[in-house]
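Below you'll find the structure, written out as structure tokens, and then a few comments.
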Amino acid sequence: MTQSESDISILVVDDDPVMLKLVIHYLQQKNYQAFGVSNADEALARLNEDNFDLLILDHYMSTGMTGLEMLKKLRKDGIDMAVIMLTGASDQDLVIEAMQSGALDFIKKGKGKKFFNKLERGVMRALHVSHLKRQMTQTHAALEESEKRYRQLFLGSKAVLLIVDPEDGRVVDANKAACRFYGFGLKEFRTKKISDINTLSPEEIKVEMDLAQKESREHFYFKHRRADGSVRYVEVHSGPIVMDDRTNLYSIVHDITDRHRAEVFLAGQHKTLEKLAKQEPLGEVLDELTQMLEEQHANAHFAIFSVNKDGRYYLESAPHLPEEFVLSARTRGIDQYCSLLKGECGLSGFKGVKARCDTCQARSWMEISGIADAVVQSIYSPTREMIGFFCAFFPEKMSQSDKDITLDYMKKNASLAGIAIEHHKQVQAINHQAQFLQTVIDAVPTPIYYEDREGVYIGCNDAMADFFERSTEEIVGHQINEFYPEGRDKFDEVNKTLLEKGGSTVVEGAMKRSDGDHHVMIHKARFQEPDGTPGIVGAVIDVTESKLTEKQLRLAQTVFDTTSEAIVVTNLENRIQAVNPSFSHVTGYSEQEVLGKDPSFLSSGRHDEIFYQRMWQQLGATGRWQGEIWNRRKNGDIYAEWLSISAVLDANKNVSQYVAVFSDITKRKRAEELIRHQANYDALTNLPNRTLFLDRLSRSMMRAKRQETQVALMFLDLDRFKWVNDTLGHNIGDVLLQEAAARILHYVRETDTVARLGGDEFTIVLPDLKHTQDVEKVARKILEVLSKPFQISGQEIFVSGSVGITIYPDDGKELELLLRNADTAMYRAKEAGRNDFRFFTAEMNTEAHQQMILERDMRQGIERDEFIVHYQPVVDLRTDKVVSCEALVRWQHPRRGLIGPGFFISIAEETGLINKIGEIVLRQVCNQIKIWQDDAVMQDVRVAVNLSPRQLQSENLLNEFLQILEEAGVSPNSLTLEVTESLVMQDPEGAAKLLDDIRAMGFKVALDDFGTGYSSLNYLKRFSFDVLKIDRTFITDIESDEGDAALVEAIIVMAHKLGIHVVAEGVETNPQHDFVSGQKCDFIQGFFYSQPLTPEAFMEFCEKHNA
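In my numbering, each residue carries its 1-based index in the sequence shown increased by 10.
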């Protein structure tokens, strides 16, 4: 039992109150839930209200029903609960009757321990039996439910399902799908055995069922017979299944008739094609088809007829039709024997419609032959010509649906039958053709022979026997080596190649005959024997007499056809008689277009009549002329040719023809011109290059010297071109140079020379100059047009020009001197602010000399550590404390003393020395910051260092800075890097990226000289500067110039709105200090507090000012 005692409910019925109380008390002590009533009516009422596991029932009660009567009533009402009967008497019959009525125990009453022990055992036994009965009831219900589901699945499945007794093969059960498939009702099906539907013998069926029962095999393939007698091919999945303690076999049946027929159909077609490929007789090929069809239709016999061109029918295949039918059909023709094929059935074969043989003219003949029905299917060739038909003959009347099925299979095989019949006809035609050809070959005078793959003659014509001076019998079976031993190796190699690769070839050689050596040509080609074996066919042509002539002609023709030079042959009337392929290649005219024409149609018009007269005069006098001439091609192009004309003399030394040979030299002349152009012109702009420029300048100077005139030489350099090239790319730069060249050319004369020396350097030579004012006008126009924006690839690009001008002979009479002076003047124009021009003056040479000395001194100063750093304080206006400073370079020159940057910075920028000077400044600043870090007053002072344009162009700038800081042990947080507004505006995109990288490393960034570079507010916001320094030019006149004051006020407000601190540079007076202070400027730098100081003086200043 799975219930505990406390969960078990017991109802006690007894009219004796004492006994009732004792029993209840005892049961409760045993942890049962016990309840009591005194009669049967009360008990029935309680049973209707509550569920009890056990009923203890006294038999003899003073009122109402007895216990036995109540028990019987419970069983009658369908209440099957556990009951123990109590009684005070010993009545054996009563006990038997009570047990038969369903009581589980019968206990005699008592009041002692023995009674209660017996009662306890009875209760436990009754409860246990009751539990077992409930389990059995539940199990039985589950089994019934499972059986019900199985029946539903079994009967409702769409698959064909059978249950078979393996002992006798009886069909135990079948579902609805099985009944439909086999055509039996279920009741009838259960009377059948598997042998009634399986076409195997009983012994074979027993073997197959044993295999299924032992699970040795799961898949079986049978032919099953249905109720209507039709046979279907089936695939059966079968195995053991236990039902009602008995092992049966289940079978799941799949109809594979269509699949089986398709497999048989494909196998039959394969065998048919194999026979066809082996060239087997037509009857045997078609027998394969008819037998395959008869396997699929056991109750039908098939025949295949062919039709010849005169409409007669011939029986080709009928393996199982009556012998007299076959014999008659093959001797007299089926159309003579059987009017079947002349009636409606025969017409159906031509029309391609279904035949109705029940009305056939041959009905009586069919009955005699044992044929009750037939269908006909026409057979067509690949070209849709009817060449035969199938006939299917049935021994019994067939339904139209069965005939349709048969027709369908006949149609599927009709195309293959058509191929076989057509192939047979083609073979016959080929054989006939072969006989015809052999007759023709024998009549041909050319020797012809056939060899097998071993080179053995297998046939030849009469002409071949005559040529070898032997009979046909003496040739066949032998090899050519026996008649021509010298050619053995050659023939073996040729035959091997032909047999492997096919095609044809010609073998030449000399063969000895009784009348001497004969030169022959033997034509060979591969052919295929009917069985697929390759062979060789050949023909022997005697070409002894024509060989020599042919050789000479071939040589001449080869030269004529293959020479790269054009050849024209004309007669005495100068009419073209022949041209070679090269002539057509050069001129574009085909031979047919020029034959019979005068060659003058090629004339280009460049040569006058006198030219041609002289040519013919020389040709008549010497018989030969050669020279360069220009002619015109068919497409109109004019080309140059080198022409040689020779007269051809006949046997009498008279001129009979002229032969002209010429070659196209246009490409050579163009190449020469291209080389000359490339040597003198710039490839990008097509302007004269340095070589041609120097030549023209030299010629202009010599002409001016003779004519006592002047020559102006201009050097022009494009400003900001390097920035365009570096930032926008060389492609944009190249286009800019091309468009700049075009603009310059527009403002000069045709006699002037504009040249490109390289890069962005142009030169302009103005010869025959009358007034120097004319040069100035040209220079202004060129500068004006160059300053206009260039639209290139969707971008607006601004450049300008710097022009240096020198005049011959005033500024020099030597070419090199003029070049040097023009270059000097151009650099002075650049120094003056660019987009300007300068005439050369003698003073420029002096300045150039001084600059050269200054550059030399700077280089020496770098090596001697002459450059030092001074520091100018920056004061916080709110605290009046020094919070930072600007590092300013000074040059301690050994002769000139301490020099400010204004004297040498521009030369340092120009020469590139600024990079080295910048590195010196940064190293000194970092070393000084390291020293100040240990001082309480100086450790928080930030130092600002200026960056030059040249430094910003260096790709390794930031890496070099970080290396210097790392060597000094200084953090980037101690430095502010200052860039000028004009520097940022040169390349906004590049500057934005660089400044972002600088800030990311920990440097602060200041915009120096703000207000002088025309930058937009958008750029100011975009670059996110930390500090903005107002240029001193705005501070200087702040007291007297209201405009400057307003600008300073606006700059401070604008910067603060953007979160940028402002430094006023160049503050020197109290009014200046008070004004910027009143405008809430953050910091002041200038002489108001201090000039730039040495490191020691600056440190002392800070200690005093910040005290």
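Glycine is no exception: its CB is placed at the ideal position from the N, C-alpha and C atoms.
From a predicted model like this one, the values you see are computed outputs, not experimental measurements.
CA-to-CA distance, Leu331 to Glu354, given in whole angstroms: For the purposes of this step, residue 354 is taken as residue 344 along the sequence shown, with counting starting at 1. For the purposes of this step, residue 331 is taken as residue 321 along the sequence shown, with counting starting at 1. Confidence is the limiting factor: at Glu354 the pLDDT is only 40, short of 50, which leaves the residue's position unreliable and the question unanswerable from this model.
Alpha-carbon to alpha-carbon, Phe1108 and Leu993: As a first step, residue 993 must be located in the sequence shown, where it is residue number 983. As a first step, residue 1108 must be located in the sequence shown, where it is residue number 1098. When rounded, the distance between both Cα atoms is 29 Å.
Beta carbon of Lys281 nearer than 8 Å to that of Glu298: For the purposes of this step, residue 281 is identified with residue 271 of the sequence shown, where counting begins at 1. For the purposes of this step, residue 298 is identified with residue 288 of the sequence shown, where counting begins at 1. Yes. Within cutoff.
Expected contact under 8 Å - CB spacing of Met80 and Ala50 to nearest Å: Here residue 80 corresponds to residue number 70 of the sequence shown, with the count starting at 1. Here residue 50 corresponds to residue number 40 of the sequence shown, with the count starting at 1. Met80 to Ala50, Cβ: 4 Å. Contact.
Separation of Phe1020 from Gln1089, as counted between CA atoms: Translated into the one-based positions of the sequence shown, residue 1089 becomes position 1079. Translated into the one-based positions of the sequence shown, residue 1020 becomes position 1010. So the two alpha carbons sit approximately 17 Å from each other.
Local Cβ density within 10 Å of Gly1053, reported as buried at 16 or more and exposed below that: Position 1043 of the sequence shown holds residue 1053. By the 10 Å Cβ count, Gly1053 comes out exposed.
Beta-ladder partner(s) of Asn208, from DSSP: Stepping through the sequence shown from its first residue, residue 208 is reached at position 198. BP columns for Asn208 point to His234.
Buried versus exposed call for Val935 [16 or more other C-beta atoms within 10 Å across all chains shown]: On the sequence shown, position 925 is the one that residue 935 refers to. Val935 comes out buried.
The region 83-98 touching the region 36-49, judged by at least three CB pairs closer than 8 Å: no
Beta-carbon proximity check, Thr816 vs Leu723, cutoff 8 Å: Residue mapping note: residue 816 aligns to position 806 of the sequence shown, counting from 1. Residue mapping note: residue 723 aligns to position 713 of the sequence shown, counting from 1. Yes, Cβ-Cβ distance for Thr816 and Leu723 is below 8 Å.
Own chain residues within Cβ distance below 7 Å of Ile1137, not counting five before or after: Residue 1137 is absent from the structure shown; the chain starts at 11 and stops at 1117.
Continuous alpha helix (DSSP H) assignments of at least 4 residues falling wholly in the region 227-305: 267-287
Inter-residue spacing [alpha-carbon to alpha-carbon] between Tyr757 and Gly922: The residue given as residue 757 occupies position 747 in the sequence shown. The residue given as residue 922 occupies position 912 in the sequence shown. In a straight line, the C-alpha of Tyr757 is about 35 Å away from that of Gly922.
Endpoints, beta strand (DSSP E) assigned at Arg952: The residue you call residue 952 lines up with position 942 of the sequence shown. Unbroken beta strand (DSSP E) run through Arg952: 952-956.
Spatial distance of Phe570 from Thr632 (CA atoms): Sequence index remark: in the sequence shown, residue 570 carries index 560 (1-based). Sequence index remark: in the sequence shown, residue 632 carries index 622 (1-based). Each residue's alpha carbon lies about 24 Å from the other.
Distance, Arg678 Cα to Val578 Cα: Numbered from 1 along the sequence shown, position 568 holds the residue referred to as residue 578. Numbered from 1 along the sequence shown, position 668 holds the residue referred to as residue 678. Straight-line Cα distance between these residues: approximately 22 Å.
Close Cβ partners of Ser614 (< 7 Å) along its chain, the five nearest in sequence each way excluded: On the sequence shown, position 604 is the one that residue 614 refers to. Answer for Ser614: Trp640, Asn641, Arg642, Ile648, listed in chain order.
Assigned exposure category for Phe1097 - 16 Cβ within 10 Å defines buried: Translated into the one-based positions of the sequence shown, residue 1097 becomes position 1087. Exposed, by the Cβ-count rule.
The region 415-432 contacting the region 286-302, beta-carbon criterion three pairs below 8 Å: yes
Ile742 versus Ser958: straight-line alpha-carbon distance, rounded: Start at 1 with the first residue of the sequence shown, and residue 742 comes out as number 732. Start at 1 with the first residue of the sequence shown, and residue 958 comes out as number 948. Roughly 26 Å between the two C-alpha positions.
Any 3 or more C-beta pairs closer than 8 Å across the region 764-772 and the region 693-712: yes
Reduced DSSP category for Lys1090 - H, G, I as helix; E, B as strand; rest coil: For the purposes of this step, residue 1090 is identified with residue 1080 of the sequence shown, where counting begins at 1. Coil at Lys1090, not helix or strand.
Proximity below 8 Å, CB of Phe850 to CB of Ala839: The sequence position of residue 850 within the sequence shown is 840, counting from 1. The sequence position of residue 839 within the sequence shown is 829, counting from 1. Contact flag unset, no.
Limits of the alpha helix (DSSP H) - the one that Leu57 falls within: Within the sequence shown, numbered from 1, the residue matching residue 57 stands at position 47. 50-59 is the extent of the alpha helix (DSSP H) around Leu57.
Segment limits, alpha helix (DSSP H) that includes Glu977: For this step, residue 977 is matched to residue 967 along the sequence shown. Its alpha helix (DSSP H) spans residues 967-978.
Cα-Cα separation between Val775 and His740, rounded to whole angstroms: Position 765 of the sequence shown, counted from the first residue, corresponds to residue 775. Position 730 of the sequence shown, counted from the first residue, corresponds to residue 740. Each residue's Cα considered, the two are about 28 Å apart.
Complete alpha helix (DSSP H) runs within the region 1034-1060 (minimum length 4 residues, chain order): 1042-1046
C-beta contact flag for Val899 and Ile863 at 8 Å: The residue given as residue 899 occupies position 889 in the sequence shown. The residue given as residue 863 occupies position 853 in the sequence shown. No, the pair does not count as a contact, with Cβ atoms beyond the cut-off.
For Phe808, the nearest candidate out of Ala750, Ile930, Arg960, Gly979 (CA to CA): For this step, residue 808 is matched to residue 798 along the sequence shown. With distances taken between Cα atoms, Phe808 lies closest to Ala750.
Counted within 10 angstroms of its Cβ, other Cβ atoms place Ile18 as buried (16 or more) or exposed: Within the sequence shown, the letter at position 8 stands for residue 18. By the neighbour-count rule (16 or more Cβ atoms within 10 Å), Ile18 is buried.
N-terminal and C-terminal residue of the alpha helix (DSSP H) that Gln963 is part of: Here residue 963 is taken as the residue at index 953 of the sequence shown, counted from 1. No alpha helix (DSSP H) holds Gln963; DSSP gives it neither H nor E.
Alpha carbon of Leu1038 to alpha carbon of Ala1074, nearest angstrom: In the sequence shown, residue 1038 corresponds to position 1028, counting from 1. In the sequence shown, residue 1074 corresponds to position 1064, counting from 1. Looking at the two C-alpha atoms, the distance is approximately 9 Å.
C-beta atoms of Asp744 and Leu779 nearer than 8 Å: Position 734 of the sequence shown holds residue 744. Position 769 of the sequence shown holds residue 779. No, these two residues do not count as a Cβ contact at 8 Å.
Beta-carbon proximity list for Ile924, same chain, < 6 Å, skipping 5 on both sides: Reading the sequence shown from its first residue, position 914 is the one you call residue 924. Once the five neighbours on either side are set aside, the close Cβ partners of Ile924 are Ala918, Ser958, Arg960.
Beta-carbon proximity check, Leu78 vs Ala108, cutoff 8 Å: Here residue 78 is taken as the residue at index 68 of the sequence shown, counted from 1. Here residue 108 is taken as the residue at index 98 of the sequence shown, counted from 1. Cβ atoms of Leu78 and Ala108: closer than 8 Å.
Cβ pair Leu726, Val813 closer than 8 Å: Reading the sequence shown from its first residue, position 716 is the one you call residue 726. Reading the sequence shown from its first residue, position 803 is the one you call residue 813. Their beta carbons are under 8 Å apart, which means Leu726 touches Val813 by this criterion.
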